[in-house]
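Number of protein chains: 2
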Amino acid sequence: MSTIYDVARRAGVSPKTVSRVLNSDGPVGEKTREAVEAAMRDLGYVRSNAARMMRAQKSGIIGLITGAISTKNQPSTQQGLPDLYIVQGIQRALESSGMTVMIADTAGRNDRVPHLIDTFLSHRVEGLIYVAEYHQEVNLPVLPDDTPLVLANCFDARGTPAVVPDDRRLQRDLVRRLISAGHRRIAYLSLRPDMAAGRLRPQGYREALEEAGLPFDPALLQHVDFDQVEIGPQLLWDTIDRMLHLDQPPTVLCCGNDQMAMMVYGILRSMGRKMPDEVSVAGFDNYRAIAETLYPPLTTVDLPYNAIGARAGERLMQLISGEGRDDHSPVLVAGPVYWRGSVTELRPENVISFKTLREEKQ
Amino acid sequence: MSTIYDVARRAGVSPKTVSRVLNSDGPVGEKTREAVEAAMRDLGYVRSNAARMMRAQKSGIIGLITGAISTKNQPSTQQGLPDLYIVQGIQRALESSGMTVMIADTAGRNDRVPHLIDTFLSHRVEGLIYVAEYHQEVNLPVLPDDTPLVLANCFDARGTPAVVPDDRRLQRDLVRRLISAGHRRIAYLSLRPDMAAGRLRPQGYREALEEAGLPFDPALLQHVDFDQVEIGPQLLWDTIDRMLHLDQPPTVLCCGNDQMAMMVYGILRSMGRKMPDEVSVAGFDNYRAIAETLYPPLTTVDLPYNAIGARAGERLMQLISGEGRDDHSPVLVAGPVYWRGSVTELRPENVISFKTLREEKQ
DNA sequence: TCCAGTCATGACATCGATGTCATGACACCG
DNA sequence: CGGTGTCATGACATCGATGTCATGACTGGA
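The listed protein sequences derive, respectively, from chains A and B. Quick note: the first sequence uses my numbering, first residue 182, plus one each step. Quick note: the second sequence uses my numbering, first residue 182, plus one each step.
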C-alpha cells in the first residue's frame with residue numbers, strides 16, 4: 182500500500198505538502214493541489230491510521246464490549262435482543278462524532294473481558310462502553326484513569342457512569358394504563374428476583390396499585406422462572422391455572438416480558454380460555470418481532486434499548502471532552518406504553534378514571 | 182499512557198531490552214527480565230498497537246461489515262437474525278488466530294459501505310468479510326488486490342470467494358422427511374421470488390417431490406409476501422384458505438421461514454383448524470426463539486448461520502495465508518432437519534419409505 | 001593462553017504522518 | 001525603494017516499537 186512519500190514523489194512535491202492537501206492544513210497552490218490529488222487517485226492512496234494516530238496520540242476509536250453477538254444462540258434468553266439495540270443506539274449517537282466504533286464480543290465468557298479491555302487499550306481507544314445483556318450489576322476491572330468508561334444496561338458499586346432502563350417507572354405506567362382501562366384484578370408474573378427486572382418491575386406494579394387505591398394481593402404476584410428448559414412452561418401453566426381458579430380471578434395477566442407473554446398465549450389457548458375477552462395479557466419490552474406478530478397483537482411497554490445506547494454514547498462523548506467527570510448518578514431511560522389488542526377495555530361502567538378511584542377510596 | 186521508554190528508564194535498561202521482554206525475542210538475563218516486568222506492572226504499561234503495527238506493517242485486524250446491528254428495528258425482517266449468528270460464527274473461527282475482529286455497521290444504509298471500507302483500509306485490515314442479512318447477490322466496490330475479501334450469506338458476479346446457505350438442499354431434505362412421514366399433499370408457501378431463498382427453496386421442494394415420484398401441483402406452490410404491513414397477513418390467510426378448500430387439500434404447509442410459520446399458527450387457529458392433526462406446519466431456519474417457543478414446537482430445518490460465519494472466517498484466513506487465491510467456487514453450507522410436534526407422522530399404512538416409493542413409481 | 005562462540009545488552013535506523021521552523025517569492029505600504 | 005506581511009513550500013524532528021548491527025563479558029576447547 183502506498184504512502185504519502187509515494188504520492189509526493191509522483192506529484193513532484195514534498196511529503197509535507199501532501200499532508201497539507203490531506204488535512205487542508207496550510208495553504209496549497211491550486212495546481213499543486215490538483216497534482217497531488219491526481220497522484221493519490223492514481224495510486225489508490227489510503228492514509229495509514231497507525232502512523233497518524235501515533236503522531237496525534239489520538240486513535241479516534243471507541244471500544245464497545247458486549248455479549249450481544251455471541252449469547253444469542255442460547256434458546257433461553259429471558260430478554261429479547263436488548264444489547265443489540267443498545268449497540269445500535271450507541272452507533273447512531275457516535276456516528277456524527279467521526280469516531281470509529283470497534284465492537285468486541287465476549288463470546289459469552291465474561292472472563293474474557295479483561296483481555297478485551299487490554300486489546301482496546303493497546304489500540305488506545307478514547308473511551309469504552311460496556312453493554313450488558315440485561316439490567317444487572319457488574320464488576321469490571323479498573324481502568325487507567327484517563328480512559329473514560331460508560332456502563333449501558335448495567336451499573337456497578339464504584340459509581341461508574343451508567344445508563345439503565347427505568348424498570349419501575351415503565352411497569353408503573355403500564356399498570357396505570359390497565360387500571361384506567363377498567364382492570365382491577367391484575368396478576369403479575371414476574372421474572373426471577375435475582376434479576377434487576379425481577380425486582381424493580383414488581384415495585385412499579387405495586388406503586389401503580391397503591392396510587393389507585395387498589396389492594397395488593399400476594400396471590401396475584403408470582404415469580405416464574407419460565408425460561409427453564411422442560412419445567413419452565415410447566416411452572417408457568419401451573420401458576421396461571423392457580424390464579425385463574427381463585428375466587429376473584431385476575432382479568433389481566435401482566436408478564437415479566439414479551440417472550441413470557443408469547444408463552445402465555447399458547448397456554449391460555451390450550452386451556453381453552455378466550456383472549457382477550459376472558460383473560461387479557463400484557464407484556465414488557467415491546468419486542469416487536471413478538472408483540473406485533475402475535476395474534477392478537479400484544480399490549481406492552483417499550484423498553485427503549487435504542488435510547489439507552491444513544492444516551493450512553495452521548496455520555497461517553499461528554500466524558501471524553503472532560504465534562505461531568507464527577508457526576509456519578511445513573512441515567513434512567515423510559516418509553517411509552519403500546520396499547521394493542523391483547524387487553525380488553527372493560528365496559529364503560531367499569532372504567533374508572535384515576536380521579537374517581539381516589540375519590541372512592543376516601 | 183506510558184511507553185517502553187518509560188519502562189526502560191524505570192528498569193534501568195534500554196528500550197530494546199524491554200522490547201525483548203515483551204516479545205520473548207532475544208535472550209534476556211533473569212534479573213533484568215524481572216526488573217522490566219516489575220516496571221511494566223508499576224506503570225500499568227500497555228503496548229501501543231499503532232507503533233507496533235507501523236513497524237510490522239501488520240495490523241492484526243480483520244474488518245467485518247454488516248447490517249446486523251442496525252437493521253433489526255424494522256419489524257418486518259423476513260429473516261430472523263441470520264447476520265448476527267454469522268458474525269458470531271466468524272468471531273469463533275477467528276478467535277484462535279489472534280486477530281482482532283473489528284465490526285462496522287452499515288446502519289441500514291448500503292451507500293455507507295464504501296466509506297466503511299475506506300475506514301478499514303486506513304486501519305490496514307488484513308482481510309475483510311462482508312455479511313449480508315439474507316442470501317442475495319451484492320456488488321461491492323473493488324478492493325486493492327492485496328486485501329482479501331470473503332462474502333458471507335451473499336455472492337457477486339466477479340466470483341469473489343463466498344459462503345452461502347444451501348437453500349435447495351435444505352428444503353429438499355425437509356420435504357423428503359415430510360414425505361417419509363407419510364405426507365403426500367405438501368403445500369409450499371414461498372418467500373418472494375426476488376430473494377434467493379424464494380427461488381432456491383421451491384427448487385428443493387420440487388426436487389424432493391420428483392425424487393419420490395409425487396406429482397407437482399402448481400396450486401400448492403404459492404409465493405406470499407407475508408411480510409408486508411397490513412395486507413401481508415391477509416394475503417397469507419387468503420392463500421391458506423384457498424389451499425385448504427381444494428378438492429385434495431394439503432396435509433402439511435411448508436413455510437418459507439419460521440416467522441411465516443408463526444403467523445400461520447395464528448391463522449390456522451383463527452380458522453378453527455386443529456394443529457397438527459388437521460393440518461401440519463413446517464418452517465425453515467430453525468429460529469429457535471420461535472421454533473421452540475411455539476406450541477406445538479415447530480418442525481423446521483436448521484439454516485446454520487453460525488457455520489456460515491465459521492466457514493467464512495476460515496476461508497479468509499486461508500486467503501490471508503495465500504492459499505486458494507484462485508478458487509472462485511462458493512462454499513455451500515447445510516444443516517439438519519429438526520423434527521418437532523408441528524407435523525404429524527401419518528398412520529403407518531401411509532408411511533412409505535423412499536425405497537417403496539421408488540418401487541411404486543416403476 | 002588464545003581464539004571462537006554464546007550471551008546479554010545497547011545504539012541507531014526505520015515505519016508513515018504531521019507539527020515546528022525555515023526559506024524564498026511576491027505584494028503592498030509608506 | 002526598503003521593510004513588512006502573506007503565501008507556498010520544504011527540511012527536519014517526532015510519535016513508540018522493533019529490526020539490524022555492534023559491543024563487551026564470559027566460557028570452553030585447542
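Beta carbons: idealized from backbone N, C-alpha and C, even for Gly. Since the model is a prediction, treat every value here as computed from it, not as a measurement.
Is residue i helix, strand or coil by DSSP?
{"i": "residue 281(A)", "result": "strand"}
{"i": "residue 220(B)", "result": "helix"}
{"i": "residue 346(A)", "result": "strand"}
{"i": "residue 466(A)", "result": "strand"}
{"i": "residue 240(B)", "result": "coil"}
{"i": "residue 514(B)", "result": "strand"}
{"i": "residue 184(B)", "result": "coil"}
{"i": "residue 358(A)", "result": "helix"}
{"i": "residue 482(A)", "result": "strand"}
{"i": "residue 351(B)", "result": "helix"}
{"i": "residue 459(B)", "result": "coil"}
{"i": "residue 299(A)", "result": "helix"}
{"i": "residue 199(A)", "result": "helix"}
{"i": "residue 411(A)", "result": "coil"}
{"i": "residue 286(A)", "result": "strand"}
{"i": "residue 525(B)", "result": "coil"}
{"i": "residue 506(B)", "result": "coil"}
{"i": "residue 429(A)", "result": "coil"}
{"i": "residue 500(A)", "result": "helix"}
{"i": "residue 193(B)", "result": "coil"}
{"i": "residue 227(A)", "result": "coil"}
{"i": "residue 422(A)", "result": "helix"}
{"i": "residue 324(A)", "result": "coil"}
{"i": "residue 474(A)", "result": "coil"}
{"i": "residue 206(B)", "result": "coil"}
{"i": "residue 292(A)", "result": "helix"}
{"i": "residue 307(B)", "result": "coil"}
{"i": "residue 492(A)", "result": "helix"}
What residue does the beta strand (DSSP E) around residue i start on, and which one ends it?
{"i": "residue 544(A)", "result": "Coverage of chain A is limited to positions 182 through 543, which leaves residue 544(A) absent and any answer about it impossible."}
{"i": "residue 371(A)", "result": "367-371"}
{"i": "residue 403(B)", "result": "402-404"}
{"i": "residue 433(B)", "result": "433-436"}
Give me the DSSP bridge partner(s) of residue i.
{"i": "residue 333(A)", "result": "312(A), 344(A)"}
{"i": "residue 519(A)", "result": "481(A)"}
{"i": "residue 247(B)", "result": "286(B)"}
{"i": "residue 318(A)", "result": "336(A)"}
Can you tell me the Cα-Cα spacing of residue i and residue j, whole angstroms?
{"i": "residue 221(B)", "j": "residue 204(B)", "result": "14 Å"}
{"i": "residue 477(A)", "j": "residue 521(A)", "result": "8 Å"}
{"i": "residue 206(A)", "j": "residue 499(B)", "result": "42 Å"}
{"i": "residue 382(A)", "j": "residue 275(B)", "result": "40 Å"}
{"i": "residue 395(A)", "j": "residue 448(B)", "result": "38 Å"}
{"i": "residue 232(A)", "j": "residue 196(A)", "result": "14 Å"}
{"i": "residue 399(A)", "j": "residue 271(A)", "result": "40 Å"}
{"i": "residue 492(B)", "j": "residue 482(A)", "result": "40 Å"}
{"i": "residue 184(B)", "j": "residue 226(B)", "result": "7 Å"}
{"i": "residue 209(B)", "j": "residue 223(B)", "result": "20 Å"}
{"i": "residue 464(B)", "j": "residue 323(B)", "result": "37 Å"}
{"i": "residue 384(B)", "j": "residue 419(B)", "result": "24 Å"}
{"i": "residue 416(A)", "j": "residue 434(A)", "result": "15 Å"}
{"i": "residue 212(B)", "j": "residue 247(B)", "result": "49 Å"}
{"i": "residue 300(B)", "j": "residue 438(B)", "result": "36 Å"}
{"i": "residue 267(B)", "j": "residue 325(A)", "result": "34 Å"}
{"i": "residue 318(A)", "j": "residue 332(A)", "result": "10 Å"}
{"i": "residue 515(A)", "j": "residue 352(A)", "result": "10 Å"}
{"i": "residue 186(B)", "j": "residue 235(A)", "result": "15 Å"}
{"i": "residue 253(A)", "j": "residue 480(B)", "result": "Interpretation of residue 253(A) is limited by its pLDDT of 43, a score under 50 that renders its predicted location unreliable; the figure taken from the coordinates is listed afterwards. Their backbone Cα atoms lie some 20 Å apart in a straight line."}
{"i": "residue 442(A)", "j": "residue 356(A)", "result": "15 Å"}
{"i": "residue 375(A)", "j": "residue 484(B)", "result": "35 Å"}
{"i": "residue 403(A)", "j": "residue 370(A)", "result": "5 Å"}
State the start and end residues of the unbroken alpha helix (DSSP H) segment that holds residue i.
{"i": "residue 276(B)", "result": "263-276"}
{"i": "residue 380(A)", "result": "377-392"}
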